[in-house]
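Going by our numbering, the first residue of the sequence shown is number 1, and it counts up by one from there.
A virtual CB, placed ideally from N, CA and C, is assigned to each residue, including glycine.
Computed from a predicted model, the values in this text were never measured in an experiment.
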Amino acid sequence: MKIITTIFAVLISVSLSYSQKEISKIEKFSQKVLQNVSKGNVWVMDVMKSYTGQGSTEWDFDYTEIVKNRNSRGLATLIETSEKVEGTASWRNKYHAEIAYHNNDTVAEYKLNEWNISENKWVSGYSYYETKDETGKLLIHYIKDWQDENQIFNQGNKEIYTYNLNGLKEIKEDKDWNYTESIWEDYSKTYYYYDENNNDTLDLEKRFISTDNWRDNWKTKFTYNENNEKVIEEQWGYDSYWEEWFDYSRTTISYYANGLVKEEYTERFDLDNSEWYDLSKTKYLYNVNNLLDYKEEFDLQNSDNNLKYDYTYNDDNQEITFFLYDWNGTDWTLFYKVYDNYDANGNQTDYYSQVSDGTWQNYLKEEYTWAEFSGINDLSLSGIKIYPNPVSNILTVQNTGTSAFTVELYDISGKLINKTSSNLKLEIDISSYDAGIYFAKVGNEIFEFSKN
1 MKIITTIFAV LISVSLSYSQ KEISKIEKFS QKVLQNVSKG NVWVMDVMKS YTGQGSTEWD
61 FDYTEIVKNR NSRGLATLIE TSEKVEGTAS WRNKYHAEIA YHNNDTVAEY KLNEWNISEN
121 KWVSGYSYYE TKDETGKLLI HYIKDWQDEN QIFNQGNKEI YTYNLNGLKE IKEDKDWNYT
181 ESIWEDYSKT YYYYDENNND TLDLEKRFIS TDNWRDNWKT KFTYNENNEK VIEEQWGYDS
241 YWEEWFDYSR TTISYYANGL VKEEYTERFD LDNSEWYDLS KTKYLYNVNN LLDYKEEFDL
301 QNSDNNLKYD YTYNDDNQEI TFFLYDWNGT DWTLFYKVYD NYDANGNQTD YYSQVSDGTW
361 QNYLKEEYTW AEFSGINDLS LSGIKIYPNP VSNILTVQNT GTSAFTVELY DISGKLINKT
421 SSNLKLEIDI SSYDAGIYFA KVGNEIFEFS KN
């Protein structure tokens, strides 16, 4: 049945690997501490419990994640996870994550070890490793592949990033491990090009052939309108036999007057018939707070295989439901549901999801335990006024004192996106920023504001 195939595809996208889950959780820790500091209440996530669905009403508790250590800012520096041994009531260690931070609380280094079942100890090599600079830019991304049959890590792949003088990504190098010679070997390089407004206009990937011999492999071109909004994305592959580029796909993007994406339309090129054909289309609708309210995907090759996404939010603009529908030819059929719950402090306490093929069954659930953290001084905004909130174009930072001050702006991921200094007053143009939640840090004081 079509709906089974659709559910399978959705579950693949929802079911992150454990490594991905570890990374996503540490990002959540960093964000949550920042958000609550700005409100005067510092809460940190201590425990996450994960369950898998067992029938329509039961859950099987099979994975847990516990913060073992924190720094003086409340950010997790050591996380350990464990999992239930399948088919038993026994538990075993799974991952051991070590996190280091820069002075501005962005993640500097992330190391992830996996438990060696046969030797009953943490393996010495890292299964996942990342380093970032103080602005949150990724420098190295390194993954090893776990081999169950031999209970060892295989050297996997490594990505190395370099940036230009404007802080924009310039080159990404992909390297693979040569087991015979025990060295890293070049695999590919991607070069990034920008216009005068720092818009990414071209990504060019080259494949390694031999020393000083790199072959074109793939390129993506981006076109922008007068508002610096990306309106066209085109992709080409490279035919090494004929030594020429061939069309692959192109996507056209339209926007509402407030800059939010309205529609994406994608075409694919048919090489056999040398013609373009319609592939897919996605429509977006937003609520009065510019949060995604509704998204509909059209498979233009199979018009009866559409998906619709519906979202609802609470008064604090936190997502509380996500419903996914499939088109059965005449009507929408709800087949996937997610519910999010929060406590009085705005901390998420749990979420759970269900799937249906005629009968609803539990699929995934996570529960979060929070604790109030006393290691951070109470941060008030005495002497500092930031307005308006929400802001559309100009964010004003007013200092009632006489000392010089520096304002750092961070996005929701903790990435530093602006740093400006002044004596009394700053007016920062954020009109080009995406809509969403941001943080302004002045000394040790943090203020949360939204861009609409």
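DSSP three-state label for residue i, please.
i	result
G87	coil
Q398	strand
A404	coil
W184	strand
Q301	coil
L291	coil
H455	There is no way to answer for residue 455, as the model of the chain reaches only from 1 to 452.
Y438	strand
T333	strand
L204	strand
A108	strand
V44	strand
T57	coil
D343	coil
S432	coil
E229	coil
I412	coil
G167	coil
E134	coil
N120	coil
N328	coil
G358	coil
D195	coil
N71	coil
Y179	coil
D62	strand
N213	strand
When we look at the beta-carbon of residue i and count the other beta-carbons within 10 Å, is it buried (16 or more) or exposed?
i	result
E416	The sequence given here has Leu at residue 416, not Glu. By the neighbour-count rule (16 or more Cβ atoms within 10 Å), L416 is buried.
T396	exposed
F246	exposed
W327	buried
N273	exposed
S382	Residue placement at S382 is poorly supported in this model, since its pLDDT is 48, which falls under 50; the coordinates still yield a value, given next. Exposed, since its Cβ has fewer than 16 Cβ neighbours within 10 Å.
Y179	exposed
Y192	buried
G329	exposed
R250	buried
N362	buried
F61	exposed
Y63	buried
V85	exposed
S50	buried
T344	What sits at residue 344 in the sequence shown is Ala, not Thr. Burial call: exposed.
V391	buried
Quick check: the Cα distance between residue i and residue j, rounded to an integer number of angstroms?
i	j	result
N71	W43	14 Å
L292	Y284	7 Å
E427	N120	57 Å
D133	A435	25 Å
Y142	L204	22 Å
E234	L279	14 Å
A404	A257	38 Å
N213	D186	11 Å
E296	Y309	6 Å
Q318	I437	11 Å
D331	G358	15 Å
E229	Y387	26 Å
Q301	W236	21 Å
W91	S82	7 Å
V10	Q354	Caution is warranted here: a pLDDT of 35 is assigned to V10, below 50, making its placement in the model unreliable, and no coordinate value can be reported.
A100	Y311	35 Å
K385	K451	17 Å
V47	E65	6 Å
E80	L112	10 Å
Y476	L307	The structure shown does not extend to residue 476, since the chain is modelled only from 1 to 452, so the question has no answer here.
Under a CB-based cut-off of 7 Å, is residue i close to chain B?
i	result
K189	Among the chains in the structure shown there is no chain B, since it carries only a single protein chain.
DSSP beta-bridge partners for residue i?
i	result
L364	T52 and S353
G237	W218 and F246
H96	E80 and N113
K385	Q398
S280	T266 and D299
V391	K451
S421	T406
Q318	For Q318, which the question treats as bridged, DSSP gives no partner whatsoever.
K189	E173 and K206
T494	The structure shown does not extend to residue 494, since the chain is modelled only from 1 to 452, so the question has no answer here.
N157	I143 and D176
- Message: Could you tell me which whole beta strand (DSSP E) segments of length 3 or greater appear in the stretch 244 to 271?
- Response: 244 to 255 and 261 to 270
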